[in-house]
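Engineer: Numbering (my numbering), first residue to last: 76 to 365.
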């Protein structure tokens with residue numbers, strides 16, 4: 076008997092290329108382009124954004140319109156997201172709350188580093204710890220869910236500030252009572268803005284004892300479909316277990332988790348990477364008060 080030789084599995088890049096050039100891939104590109112354009116798109120703009128030939132694009136749009144996935148404004152000749160796609164989106168949003176969307180990313184971080192991780196959800200000038208996944212270590216950094224804090228103290232809040240436009244961050248700090256929580260808390264507005272600018276450049280924030288004595292945290296902002304910072308993904312550990320040696324690895328993992336969450340919230344539809352900048356592992360000035 077001659078053994079059957081299994082066909083080699085195609086490389087991921089090959090699969091992605093084939094998928095992108097398939098009818099399904101073209102449909103997805105069209106829907107993503109329309110979802111990212113609140114005022115709709117004409118044939119020419121849609122062709123430019125998707126790279127599809129106008130005649131082929133016209134056929135796809137006709138099919139999508141028949142399925143109510145897109146709708147055409149006859150007066151302006153522009154296509155928009157249709158009622159059926161809106162219904163699907165609403166069903167997904169109802170099923171996938173922010174905490175549920177964040178949990179897989181938090182669980183992945185905890186499995187990798189065995190340190191407790193949190194989701195910090197932004198309010199106008201404060202944030203609340205809304206979700207956590209605990210580590211298995213007996214000694215851990217514990218924050219009560221539902222705890223609300225101002226944005227100036229600690230990595231969780233400062234990451235949110237770094238996700239805001241500079242003018243908005245300045246206004247929040249200018250109108251907030253900058254309470255001195257520990258002897259490491261930064262309360263000078265200009266110094267905080269310097270740290271926020273540094274954090275915005277590298278994509279993550281680090282703090283050591285700024286909110287709670289003996290605790291460290293590293294956080295990265297996440298964004299919704301409009302590009303608005305909704306909060307931060309927060310990695311925590313007691314200062315006794317902290318080391319600067321693995322900071323680039325932890326920072327890369329946390330910023331990746333925040334990017335994944337941003338994508339789940341729709342930010343990838345805008346065709347941009349979430350965050351103000353790609354995480355730069357070479358930037359190791361961790362700032363704040365050591």
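The C-beta atom is built at its ideal place from N, Cα and C for all residues, glycine as well. Keep in mind it's a predicted model, so treat the numbers as computed, not measured.
If the criterion is Cβ atoms closer than 8 Å, does the pair residue 138 and residue 148 meet it?
Structural biologist: For this step, residue 138 is matched to residue 63 along the chain shown. For this step, residue 148 is matched to residue 73 along the chain shown. No.
Engineer: Helix, strand or coil for residue 133? Go by DSSP, reduced to three states.
Structural biologist: Within the chain shown, the letter at position 58 stands for residue 133. In the structure shown, residue 133 sits in a helix (DSSP, three-state: H, G or I).
Engineer: Go ahead and pull the three-state DSSP assignment for residue 115.
Structural biologist: One-based indexing of the chain shown puts residue 115 at position 40. It is coil, neither helix nor strand.
Engineer: Is the stretch 204-218 in contact with the stretch 311-328, if contact means three or more CB pairs nearer than 8 Å?
Structural biologist: Short answer: they touch.
Engineer: Return the Cβ separation of residue 238 and residue 298 in integer angstroms, given the expectation that the two are a contact with Cβ distance under 8 Å.
Structural biologist: Taking the chain shown and counting its residues from 1, one reaches residue 238 at position 163. Taking the chain shown and counting its residues from 1, one reaches residue 298 at position 223. That pair is a contact at about 7 Å.
Engineer: What distance in whole Å lies between the Cβ atoms of residue 329 and residue 279, which are believed to be in contact at a cut-off of 8 Å?
Structural biologist: The count along the chain shown starts at 1 and reaches residue 279 at position 204. The count along the chain shown starts at 1 and reaches residue 329 at position 254. At roughly 6 Å, the Cβ-Cβ gap stays under 8 Å, so residue 279 and residue 329 are in contact.
Engineer: Using 8 Å as the threshold, is the C-beta distance between residue 253 and residue 262 below it?
Structural biologist: Within the chain shown, the letter at position 178 stands for residue 253. Within the chain shown, the letter at position 187 stands for residue 262. Yes, the Cβ-Cβ distance between residue 253 and residue 262 is below 8 Å.
Engineer: From the DSSP secondary-structure annotation, give me the bridge partner or partners of residue 213.
Structural biologist: Locating residue 213 in the chain shown gives position 138, where the first residue counts as 1. Partner(s): none; residue 213 has no beta bridge.
Engineer: CB residue 180 to CB residue 335, shorter than 8 Å?
Structural biologist: On the chain shown, position 105 is the one that residue 180 refers to. On the chain shown, position 260 is the one that residue 335 refers to. Yes, the pair counts as a contact, with Cβ atoms nearer than the cut-off.
Engineer: Using C-beta distances below 8 Å, list every residue in its chain close to residue 122, excluding the 5 sequence neighbours before and after it, in chain order.
Structural biologist: Here residue 122 refers to the residue found at position 47 of the chain shown. Excluding sequence neighbours, residue 122 sits near 128, 129 and 132.
Engineer: Rounded C-beta distance between residue 153 and residue 116? I'm assuming under 8 Å.
Structural biologist: For this step, residue 153 is matched to residue 78 along the chain shown. For this step, residue 116 is matched to residue 41 along the chain shown. With 8 Å as the limit, residue 153 and residue 116 qualify as a contact, their Cβ atoms being about 6 Å apart.
Engineer: For my contact list, residue 264 and residue 192 are in at a C-beta cut-off of 8 Å; report their separation, rounded to the angstrom.
Structural biologist: The residue given as residue 264 occupies position 189 in the chain shown. The residue given as residue 192 occupies position 117 in the chain shown. So it is not a contact: roughly 29 Å between Cβ atoms.
Engineer: Whose CA, out of 276, 218 and 113, lies closest to the CA of residue 233?
Structural biologist: Translated into positions along the chain shown, residue 233 becomes position 158. The shortest Cα separation from residue 233 among 276, 218 and 113 belongs to 276.
Engineer: Which value, in whole angstroms, describes the spacing of the CA atoms of residue 144 and residue 151?
Structural biologist: Here residue 144 corresponds to residue number 69 of the chain shown, with the count starting at 1. Here residue 151 corresponds to residue number 76 of the chain shown, with the count starting at 1. C-alpha separation (whole angstroms): 18 Å.
Engineer: Check the C-beta distance from residue 327 over to residue 231 and give it rounded, since I have them as a contact under 8 Å.
Structural biologist: Position 252 of the chain shown, counted from the first residue, corresponds to residue 327. Position 156 of the chain shown, counted from the first residue, corresponds to residue 231. Contact doesn't hold; Cβ gap of about 18 Å is too wide.
Engineer: According to DSSP, is residue 295 part of a helix, a strand, or is it coil?
Structural biologist: Locating residue 295 in the chain shown gives position 220, where the first residue counts as 1. Strand, per DSSP.
Engineer: With DSSP as the reference, label residue 105 as helix, strand or coil.
Structural biologist: For the purposes of this step, residue 105 is taken as the residue at position 30 of the chain shown. Residue 105: helix per DSSP, three-state reduction.
Engineer: Look at the alpha carbon of residue 196 and the alpha carbon of residue 341, and state the distance between them as a whole number of angstroms.
Structural biologist: Your numbering for residue 196 matches position 121 in the chain shown. Your numbering for residue 341 matches position 266 in the chain shown. Spanning the two alpha carbons is a distance of roughly 17 Å.
Engineer: What's the call for residue 296, buried or exposed, on a 16-neighbour Cβ count within 10 Å?
Structural biologist: One-based indexing of the chain shown puts residue 296 at position 221. The residue is buried, with at least 16 neighbouring Cβ atoms inside 10 Å.
Engineer: Using 10 angstroms around the beta-carbon of residue 286, count the other beta-carbons present and answer buried if the total reaches 16, otherwise exposed.
Structural biologist: Numbered from its first residue, the chain shown carries residue 286 at position 211. It is buried - the Cβ of residue 286 has at least 16 other Cβ atoms within 10 Å.
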